[in-house]
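Counted from 1, the sequence shown has number 790 at position 22 by this note's numbering; the numbering is strictly sequential. Quick reminder that beta carbons are idealized off the backbone N, C-alpha and C, glycines included. Structure first, then comments.
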Amino acid sequence: MSDELTRDDAPPAGPPGLALRSLDLDRRHVLGFPLHVAITVCADRPATCIRRLPRPSWAGNAGAIGVRLARADTGEEVVRIEPSPIVIRELGTPVFFLDPGECRRMLIDVSSFLPARLAPGPHALTIVYAAPPDRVESQPAPIELAAPGPEEQEELRRLAPELARAGSWGRWTSLPPQDGAPVTRHIERGDPLRFNRVLRYLMYGPESLCDVDPALLDVLDGVYAPEAHALRAELHAARGDAARLAEQAAIIRSRYPGLAWWIDRIEAGQSELGLVRECRVTPIDGG
């Protein structure tokens, strides 16, 4: 028998890198509102770990996300944005680690990359995630860009001053209401802002987390379904309902392992929603 390594036995060349496991999105998007997509990344070698990866989220993309958008009928590229991450944790760059065998799902908003006068119609969307020296790119995914209807146009006009003050939909979600204005609990399933409104209510609603009805999360379907399970886990933890928390944890770890990190934090008593609730103060209106 030869002592030489076969091709399958040869040690891999170079350090471990990233692999893009999936891109998830809803097939229809109303222009002007958040465009959430979810990417799941893992190490390209299951037994390895990768450190200091930039962590984009619904709140901000950490410079790590790029976008390609092309018209479905002609293939004409109408958006091409390159990622430009700067991973300096000391300057506040959000980062995460991938331990051996781990993956990470990240729900991100790419609406800020879309031109203001983008024509509606069928398109193909490609997402790029850069974590120097690694870079992964999804296959183009079909998406229908729809013009807002009359009610949606009115809502965009109503929220325009708040959105301008916040600077992005992610920042608007975390923006404390001005002058003690109530945060709406009435959220409909077809609302293009339903995910942002749910988070806003959980952070700034009048009830304590232990009193929030988990049925509030029923509107989070489609691309938001995995996050809805994690948010239910948050509410069950706040109620001290260990049995229902365990149910949601099992669902996450079996169906959506890219969100297992969230369950780990909840079980460790490090709920981010709970922290926001503890630290929030009545905002001072600076005019």
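{"Item": "Nearest CA to the CA of ASP794: which residue from PRO853, LEU821, PRO1025, ALA892?", "Value": "ALA892"}
{"Item": "Is the separation between the beta-carbon of LEU788 and that of ILE818 shorter than 9 Å?", "Value": "no"}
{"Item": "Excluding five sequence neighbours on each side, which residues of the same chain lie with their C-beta closer than 6 Å to the C-beta of LEU1027?", "Value": "ARG873, PRO994, ALA998, ILE1020"}
{"Item": "With DSSP as the reference, please indicate the residues paired to TYR969 in a beta bridge.", "Value": "TYR969 pairs with nothing; no bridge assigned."}
{"Item": "Looking at the secondary structure, which residues open and close the beta strand (DSSP E) in which SER790 lies?", "Value": "786-793"}
{"Item": "Going along the chain, which residues of its own chain have a beta-carbon closer than 7 Å to the beta-carbon of GLU850, five neighbours each way excluded?", "Value": "GLY834"}
{"Item": "Where does THR774 sit, in a helix, a strand or coil, going by DSSP?", "Value": "With a pLDDT of only 35 at THR774, under the threshold of 50, the placement of this residue in the model should not be trusted; the figure read from the coordinates follows. THR774 falls in the coil class under three-state DSSP."}
{"Item": "Rounded to whole angstroms, how far is the Cβ of PRO822 from the Cβ of ALA899, which I believe are closer than 8 Å?", "Value": "6 Å"}
{"Item": "Going by the CB atoms, is the gap between LEU967 and PRO982 shorter than 9 Å?", "Value": "no"}
{"Item": "Can you tell me whether PHE801 is helix, strand or coil according to DSSP?", "Value": "coil"}
{"Item": "How long is the line joining the alpha carbons of GLY785 and TRP1029, rounded to whole angstroms?", "Value": "20 Å"}
{"Item": "Using 9 Å as the threshold, is the C-beta distance between THR952 and CYS871 below it?", "Value": "no"}
{"Item": "Once DSSP output is grouped into helix, strand and coil, what is the label at GLY843?", "Value": "coil"}
{"Item": "Can you round the beta-carbon distance between GLY1042 and ALA1006 to whole angstroms, since I take them to be within the 8 Å contact cut?", "Value": "7 Å"}
{"Item": "If you run the structure through DSSP and keep just helix, strand and coil, what is PRO1025?", "Value": "helix"}
{"Item": "Considering just the uninterrupted stretch of the beta strand (DSSP E) at GLY889, what are its terminal residues?", "Value": "889-899"}
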